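K.L.:
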Amino acid sequence: MANTGLKTPPTLKPDVLRVIPLGGLGDVGRNMSCYEINGEMLLIDCGVLFPEDDHPGVDLLLPGLDYLDDKLDKVQALVLTHGHEDHIGAVPYLLKRRADIPIYGSRLTLALLEGKLKEHRIRGYKLNVVKEGDTAEIGEQFDLEFLAVNHSIPDALAVCVRTDAGTVLNTGDFKMDQLPLDHRITDLRGFARLGEEGIDLFMVDSTNAEVPGFIKSETEIEPAIERVFEQATKKLIVACFSSHVHRVQQVLNMAVKHHRKVCYVGRSMVRNMAVARDLGYLRVPGDTLIELRDLDKYADDQVVIVSTGSQGEPLSALARIANREHRDIEVGEGDTVLLASSLIPGNENAVYRVINGLTRLGANVVHKGNALVHVSGHAAAGELLYAYNIVKPRAVMPIHGEIRHLIANGQIARATGVADDNVIVTEDGGVVDVDDGVPKVVGKVDASYIFVDGTGVGEVTEDALTDRKLLGEEGFISVVVAVNTREGSIISGPSIQARGVAEDEDSYTQVRDQIVEELNKSLKQGVDDPHRLQQVVRRTIGRWVSRTYRRRPMIVPVVVAV
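If you read the sequence shown in our numbering, its first letter stands for residue 888, the second for the next number, and so on.
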C-alpha cells in the first residue's frame, strides 16, 4: 500500500497516533521519524545523507526538519537508536532550532553525539542515557521500552513506543549475528514477548531485504583480515567507518599479533576511537598507538594506518591519499589498502574512483568485492522472516532503504501472513494514522531534502543545484552588449566570454555577426526594453551553440541601455 498521489492529511483526531517518516524511506541515510498523539510529539533518530554526484557543492542532506518548525514546542524527546551519522548527524541542526529537546540514547551513542554538539557549539542540550531493558515515560502520551539489537556499532537499541492508540516497535538498524564480537546479541526473546503483547505497527530495517539468507558473523571475516596482514610486506592502510568500533578492534588485535603500530588518520576516526576507548568499548593494548607526526619514525612494515574514507568521500583521508594530496601519507608500489566496509547505495562511483586512484599508484587494494573483509550490519531476508514470525505484527512499515528495499521488505512481511492492506510501503513524508491499533495511510507532507552548503542550511534550492550541474556539464557563456535605445543602434559589443564550451574568442566571430543582425532588427522595430533584447541575444547564441557544439550551456546575456 503506497501513498503516491495522496494529498494533505486531515486534522489529527484525539487519541490517534500519527507516524511520519521525515527521512530514510527512499534513501539509505537521513533517517528520522515523528510520532504525534494528543498534542505531543516524539522523534526517533535524526541523521544525515551524504551527497552524490548530482549534488554539486553540497556537504550534507538533512531530513525534513522544516515540517517541525511550527511544532517544536510539542516535541517531548528525541530518541537515538545508535551512533551512526545517518542516525545522529543532523541532531545539531535540529537543536539549533530548539536546543533543550531531551535526548535519549545509549552511552556510546550519546558520547559520540556530544562531541558533535560541542563542535557545533550547541549549548543547553539535555542528554539521558538509557540501556537495553530500560523504560521511560515521555510526556503524558509515550511509554518507551528499549531493547538490545546487534549492529555494526556497539550499543544499538530498538525502541518500543506504547500509546493509547497502539504500540509501535522500531528496530533501528539491526541484524541477528549470533557470535558478535561484543557478545551482545539482538534481544529476540524481547521481540517475542512484545509480539505476545501485540505490536500494531512494526517498523523494520529494509537495507538488506533483497539479500537472501542470513548475514555472516563478524567473527568469520577475521581469517581474511589476517591474510591481508600476512601478505602485506610494506605500508598497510585499513579504511573503515569512523564509528565501526568492532572493525577497529579487529585491526588492533591483528596489529599486535603482527608487530605493527597503529596510527589513526582522519579527525572523526581519532575522536570516535578516543571516545570508544574511554568508555571501555575499545580495548587498546599498551604501546600500540602512535601519532601521525611520529609515522616517519617507523618502517613501512611496522605500522598500520586506520583511516576514514571507505565510502570515497572527497575530503576524507583515503581520497586525499589516492589523489596524492595528503600532507603526511603517500601510497606507492607494493603497499596494501584494505577497504573494510560495504558500499552504501549511491556511493559506488566515488568508491571506485578511490580504488582506481590507489591502484594506479601501485597499491594492492583489497575490498569486499575480492575478499571477505566486511559483513553488513543489516538483517538479510532470512533474518527479517525470522523477526516477522516471532513478532507477528498486525501491520508493517518497512523503513531505512531505497524504494526497492522497502518493497522487498514488504513482500517478506506478506510471506509471513501480514495482510496486504497492512503492509504500508511509503516514502518520506507519508502520513500514517494508527487508530485503535489500526494503521492507515492518510496523506503526505513535505519532507524534501534540506541542503547544507558550507555554513548555509536550506539556502541551496533544487533550482540552484540544477544550475550548478548545468555549469559543470554544459559550460557557461556570457554576452555583454551596450545599445542606444533612442537611436536604435549598438554602441559596443557584443563581448562574449565562455567557460567549458569553446574558449577561443575567434570561435564566436560568426555568432557575433548573427547577434548584431538580430539586435538591429529588434531595435528598428522599436524594441527598447533591455529584458526583451536580452532574450533576443539568448535565443540567437543558444541556437548557434546547440547547432555548432551540441551543447546547452548556461547563457547570461547582459544588454546595457544607454
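Even glycine gets a Cβ: it sits at the ideal position worked out from N, Cα and C. Keep in mind it's a predicted model, so treat the numbers as computed, not measured.
Mind pulling the beta strand (DSSP E) runs of 3 or more residues that sit fully within the segment 974-1027?
P.N.:
As far as the segment 974-1027 is concerned, its whole beta strand (DSSP E) runs of at least 3 residues are 989-992, 1013-1016, 1022-1025.
K.L.:
At which residue ranges does the segment 1183-1268 contain complete alpha helix (DSSP H) runs of 4 or more residues, listed in the order of the chain?
P.N.:
Entirely contained in the segment 1183-1268, the alpha helix (DSSP H) runs reaching 4 residues are, in chain order, 1204-1209, 1235-1247.
K.L.:
How would you call ASP914, buried or exposed, if buried means at least 16 neighbouring beta carbons within 10 angstroms?
P.N.:
Classification for ASP914: buried.
K.L.:
In the DSSP assignment, find the alpha helix (DSSP H) that holds TYR1436 and state where it starts and stops.
P.N.:
Looking at the DSSP string, the run of the alpha helix (DSSP H) that includes TYR1436 is 1417-1436.
K.L.:
For the alpha helix (DSSP H) that contains GLU1404, what are its first and last residues?
P.N.:
Unbroken alpha helix (DSSP H) run through GLU1404: 1396-1411.
K.L.:
Suppose you measure from the CA of LYS1255 to the CA of SER1039; what does that come to, to the nearest Å?
P.N.:
Rounded to whole angstroms, LYS1255 to SER1039 spans 16 Å at the Cα level.
K.L.:
Among the candidates VAL1446, LEU965, SER1382, GLY1100, whose CA atom is the shortest distance from the CA of ASN918?
P.N.:
The option with the nearest alpha carbon to ASN918 is LEU965.
K.L.:
Please classify ALA1302: does DSSP put it in a helix, a strand, or coil?
P.N.:
Of the three classes helix, strand and coil, the one that applies to ALA1302 here is helix, per DSSP.
K.L.:
For LEU959, count neighbouring Cβ atoms within 10 angstroms of its own Cβ and tell me buried if that reaches 16, exposed if not.
P.N.:
With fewer than 16 Cβ atoms within 10 Å of its Cβ, LEU959 is classed as exposed.
K.L.:
Just verifying my parser: in three-state terms, what is the DSSP assignment at ILE924?
P.N.:
Looking at ILE924 - three-state DSSP - the assignment turns out to be strand.
K.L.:
GLY1153 and SER1194 look like a contact to me (Cβ under 8 Å); what is the Cβ gap, rounded to whole Å?
P.N.:
The pair is a contact, with the Cβ atoms about 6 Å apart (cut-off 8 Å).
K.L.:
Can you tell which of ALA1163, TRP1431, ALA1142 has the C-alpha that lies nearest to the C-alpha of ASP1174?
P.N.:
Of the listed residues, the one whose Cα sits closest to ASP1174 is ALA1142.
K.L.:
Compare the C-beta of LYS958 with all C-beta atoms of chain D and state if any pair is closer than 8 Å.
P.N.:
In summary, chain D is missing from the structure at hand, where a single protein chain is found.
K.L.:
Might you give, ordered along the chain, the residues of its own chain that have their beta carbon closer than 8 Å to the beta carbon of LYS1003, omitting 5 neighbours on each side?
P.N.:
Taken in chain order, the residues that qualify are ILE975, GLY976, VAL978, PRO979.
K.L.:
Quick check on the burial criterion: 16 or more other C-beta atoms within 10 angstroms. Buried or exposed for ARG1430?
P.N.:
ARG1430 should be labelled exposed.
K.L.:
So does the segment 1078-1094 actually touch the segment 1102-1122, counting three or more Cβ pairs closer than 8 Å?
P.N.:
No: fewer than three Cβ pairs fall under 8 Å.
K.L.:
Taking the alpha-carbon positions, what's the MET1160 to ALA1300 distance?
P.N.:
Distance between the alpha carbons of MET1160 and ALA1300 is about 38 Å.
K.L.:
Tell me whether THR895 is buried or exposed, calling it buried when 16 or more other Cβ atoms sit within 10 Å of its Cβ.
P.N.:
It is exposed - the Cβ of THR895 has fewer than 16 other Cβ atoms within 10 Å.
K.L.:
Roughly how many angstroms separate the alpha carbons of GLU1109 and GLN1137, rounded to a whole number?
P.N.:
Those two C-alpha atoms are separated by around 7 Å.
K.L.:
Do ASP1087 and GLY1053 have their C-beta atoms within less than 8 Å of each other?
P.N.:
The answer is yes: Cβ separation under 8 Å.
K.L.:
What's the C-alpha gap between THR1246 and ARG1437?
P.N.:
Straight-line Cα distance between these residues: approximately 35 Å.
K.L.:
Taking ARG1439 as the reference, give the member of GLU1404, HIS1133, TYR1012, ALA1385 with the closest Cα.
P.N.:
With distances taken between Cα atoms, ARG1439 lies closest to ALA1385.
K.L.:
Can you tell me where the alpha helix (DSSP H) holding ILE1311 begins and where it ends?
P.N.:
Neither: ILE1311 is in no alpha helix (DSSP H) and is coded neither H nor E.
K.L.:
Less than 8 Å between the beta carbons of GLN963 and GLU927, yes or no?
P.N.:
The answer is yes: Cβ separation under 8 Å.
K.L.:
Would the segment 1322-1334 and the segment 1087-1102 be scored as touching if the rule is three or more Cβ pairs under 8 Å?
P.N.:
Contact between the segment 1322-1334 and the segment 1087-1102 is present, because at least three Cβ pairs lie under 8 Å.
K.L.:
Taking buried to mean at least 16 other C-beta atoms within 10 Å of its own C-beta, is TYR1395 buried or exposed?
P.N.:
Counting Cβ neighbours within 10 Å, TYR1395 comes out buried, since at least 16 surround it.
K.L.:
Just how far apart, CA to CA, sit ALA1306 and GLY1249?
P.N.:
Each residue's Cα considered, the two are about 55 Å apart.
K.L.:
When we look at the beta-carbon of ASN1057 and count the other beta-carbons within 10 Å, is it buried (16 or more) or exposed?
P.N.:
It is buried - the Cβ of ASN1057 has at least 16 other Cβ atoms within 10 Å.
K.L.:
For GLU1019 and GLY1269, what's the separation of their Cα atoms in angstroms?
P.N.:
Using only the alpha carbons, I get a separation of about 24 Å.
K.L.:
So, with DSSP's three-state summary, where would you put ALA889?
P.N.:
With a pLDDT of 48 at ALA889, under the threshold of 50, the modelled position of this residue cannot be trusted, and the question is left open.
K.L.:
Would you tell me roughly how many angstroms separate the C-alpha atoms of VAL1191 and THR1094, rounded to the nearest one?
P.N.:
Taking the straight line from one Cα to the other gives about 31 Å.
K.L.:
Could you compute how far the alpha carbon of GLN1118 sits from the alpha carbon of THR968?
P.N.:
Straight-line Cα distance between these residues: approximately 38 Å.
K.L.:
Can you tell me whether THR891 is buried or exposed? The criterion is at least 16 other CB atoms within 10 Å of its CB, across all chains shown.
P.N.:
Any reading at THR891 must be qualified, since the residue scores a pLDDT of 48, below 50, and its modelled position is unreliable; the value itself is stated next. The residue in question, THR891, is exposed, as its Cβ has fewer than 16 Cβ neighbours within 10 Å.
K.L.:
Might you give, ordered along the chain, the residues of its own chain that have their beta carbon closer than 6 Å to the beta carbon of LYS1122, omitting 5 neighbours on each side?
P.N.:
Here the set comprises ASP1187, ASP1222.
K.L.:
Which of the three DSSP states, helix, strand or coil, is assigned to ALA1035?
P.N.:
Residue state, collapsed to three classes: strand.
K.L.:
Have a look at GLN1189 and VAL1218 and give me their C-alpha separation to the nearest angstrom.
P.N.:
Cα to Cα, the separation comes out at about 15 Å.
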